[in-house]
Every structure is written in structure tokens, then in C-alpha cells.
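Report on the following structure.
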Amino acid sequence: KLAYADLMEYIGDPRFSRIPVDQLLSKDLARRRAHSIDPSHAHCTFLPSDVTAKLNAMASETTYLTAIDQNGNIVSLIQSNFDSFGTGLVAPGTGFALQNRGELFTLEPGKPNSLAPHKRPLHTIIPGFMQKGDEVIGFGIMGGFNQAQAHAQFVSNIADFGMNIQAALSASRFTKPTFAGCDLIIESRVSEAVRDRLGGMGHQLDLVPDYSPEMGRGNAVMTDERGVKYGASDPRGDGEAIPQTPRAYAQ
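Structure (C-alpha cells):
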């Protein structure tokens with residue numbers, strides 16, 4: 010919710026507005042925002058705007074893929090039309106529909122993401138990379154505004170809990186489906202004790218089945234310090250990790 014507050018207030022096309030990137034990414038701000046969180050009680054009303062539109066991760070207009078070659082070069086690629094068929098318009102002679110990302114502009118004047126000619130809208134497209142020493146991971150998780158939340162949980166699973174990339178993708182997730190309020194979607198695999206504690210803090214839980222696509226769907230590849238390559242795919246979607254033999258590389 011804190012991240013959404015900053016998202017709606019500051020993010021837009023940097024050609025049209027001064028975006029305080031250094032401040033937003035600073036550890037000082039992260040500490041101050043972290044200290045504003047009450048670990049025993051959910052806050053529902055501190056967000057700057059009353060936006061309650063659903064942030065739908067079930068829609069399937071986004072495709073993510075990541076690939077790694079024998080030399081360790083990684084591609085992390087995501088493509089999205091925003092709606093199932095984007096604008097519904099096909100460029101003559103091309104056979105593909107044009108995307109509809111302009112829908113993410115705000116009509117509220119004076120915001121970094123306010124509608125304007127020749128301007129790029131805020132969007133949720135986040136192909137990801139992680140690196141520590143010689144270990145490199147390419148990853149991405151589809152699912153609207155849920156992408157940032159799912160990415161943070163994936164990174165935390167690896168950096169904080171020592172999971173491998175498959176375990177990090179498969180682990181249970183939660184997501185905040187709206188910009189305001191205390192509603193929280195959580196997978197039923199999360200223990201009842203944890204769910205009861207969250208409910209006691211004031212979170213309004215919506216329980217969804219195990220491996221729910223509402224949590225987004227992702228893929229990842231990795232190379233380690235020995236040069237060994239790994240691939241992983243989220244069981245919530247229809248992706249797959251497909252290895253190639255050295256002979257296939259040679260061909």
C-alpha cells in the first residue's frame with residue numbers, strides 16, 4: 010500500500026515531469042516507510058487517493074519469457090497489450106493488434122501520469138534481473154499491478170529465505186488487489202495460524218485456491234558461479250522450463 014501511494018503520486022513519463030528517482034530508491038526513504046508500518050495493525054486509509062479499481066492478475070494479455078545461452082547471456086522479455094486484444098485495432102498488413110497502455114493515464118490534472126500528447130503512460134511491465142557476484146537471474150511475473158508485489162516476494166524468497174528459483178516461484182503468495190482499503194488476496198496454502206493473525210490485525214482476507222493465477226504467473230532462468238544453467242516455471246500458469254543440449258547449441 011505504501012508503494013502504491015508513491016506510485017500514484019510520483020510515477021509518470023520523465024520527459025514531462027521531474028521524477029524524484031534518487032529519493033524514491035534511497036535507503037533513507039525505505040527506512041522511513043518501513044518505520045511507518047505497524048506490525049500489529051493494518052492501516053486502511055493512509056493512501057493519498059481513493060482509487061478502488063480492481064488490479065486484475067487473472068487477465069491473460071501479457072506474455073513473459075526469459076532465456077539463457079551457453080555463454081550465460083540472459084534475455085528477460087515481457088510483452089503486453091493491456092487488454093486481451095489491446096485496442097482492438099489491427100495495423101493494416103501486419104496481423105497484430107495494437108496495445109492499449111494509454112488506458113493507464115490519469116485524468117486528474119497536475120499529476121506526473123496525467124494524460125498529455127506524445128507522453129508515455131505509467132505501465133506495469135517489469136522484466137527483472139538479479140545479480141550477486143557471478144550468480145545472475147533473469148525473471149518476470151505477469152499479472153497487472155500485482156507484478157511488483159509478486160516480484161518483491163520472489164526476490165525475498167531468494168535473498169532472505171535462500172530458496173532456489175523454482176521454489177521461489179512456487180511458494181505461496183499474497184497480493185493487494187486494490188489501491189485503497191485493507192483487502193488482501195491470499196493463497197489457501199498459507200497456514201491458518203498466519204491467516205488468523207493477519208485477520209486479527211485488520212486485514213480483510215479473500216482466500217483463493219492453491220497456485221491461483223490471481224497471484225500472477227512467472228518464469229526464471231539462472232546461471233551460478235560454476236556456469237551451471239537453471240530454468241524454472243510457475244505452476245500457476247502454462248509456462249515451461251525447456252533445456253537445450255550442448256549439441257543443440259552447436260547446431
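Residue 10 is where the sequence shown starts when you use the working numbering, and the numbers rise one by one after that. Where is the CB? At the ideal position from N, CA and C, for every residue including glycine. These numbers were taken from a predicted model, which means no experiment stands behind them.
Would you mind stating whether Glu112 and Ser89 have Cβ atoms separated by less than 8 Å?
Cβ distance not < 8 Å, so Glu112 and Ser89 don't count as in contact.
Apply the 10 Å Cβ neighbour rule to His50 and answer buried if 16 or more other Cβ atoms are within range, or exposed otherwise.
Exposed.
Can you list, in chain order, the residues of its chain whose CB lies under 6 Å from that of Tyr179, leaving out five sequence neighbours each side?
It is worth fixing the name first, because residue 179 is Ser in this sequence and not Tyr. Result list for Ser179: Pro244, in chain order.
Based on Cα-Cα distance, which residue from Phe105, Pro130, Ala229 lies nearest to Leu116?
Taking only the C-alpha atoms, the option nearest Leu116 is Pro130.
Note down, in chain order, each residue of its chain lying with its Cβ closer than 6 Å to the Cβ of Gln108, except the 5 sequence neighbours on either side.
Cβ within range, chain order: Asn90, Phe91, Gly95.
What's the C-alpha gap between Glu196 and Arg206?
Computed Cα separation, rounded: 15 Å.
Straight-line CA distance for Asp233 to Ile77?
Distance between the alpha carbons of Asp233 and Ile77 is about 12 Å.
Count the other CB atoms within 10 Å of the CB of Leu193; is the residue buried (16 or more) or exposed (fewer)?
Label assigned to Leu193: buried.
Going by beta carbon distance, what residues of the same chain come within less than 8 Å of Ala62, once the five residues before and after it are set aside?
In this prediction, Ala62 scores a pLDDT of 41, lower than 50, which makes its location untrustworthy; the coordinate-derived value is nonetheless stated afterwards. Once the five neighbours on either side are set aside, the close Cβ partners of Ala62 are Thr187, Phe188.
Among Val30, Asn173, Gln162, which one has its Cα closest to the Cα of Ile146?
For Ile146, the nearest C-alpha among the options comes from Asn173.
Jot down the residue ranges of each uninterrupted beta strand (DSSP E) in the stretch 152–220, minimum 3 residues, whole runs only, in chain order.
Entirely contained in the stretch 152–220, the beta strand (DSSP E) runs reaching 3 residues are, in chain order, 192–196, 213–217.
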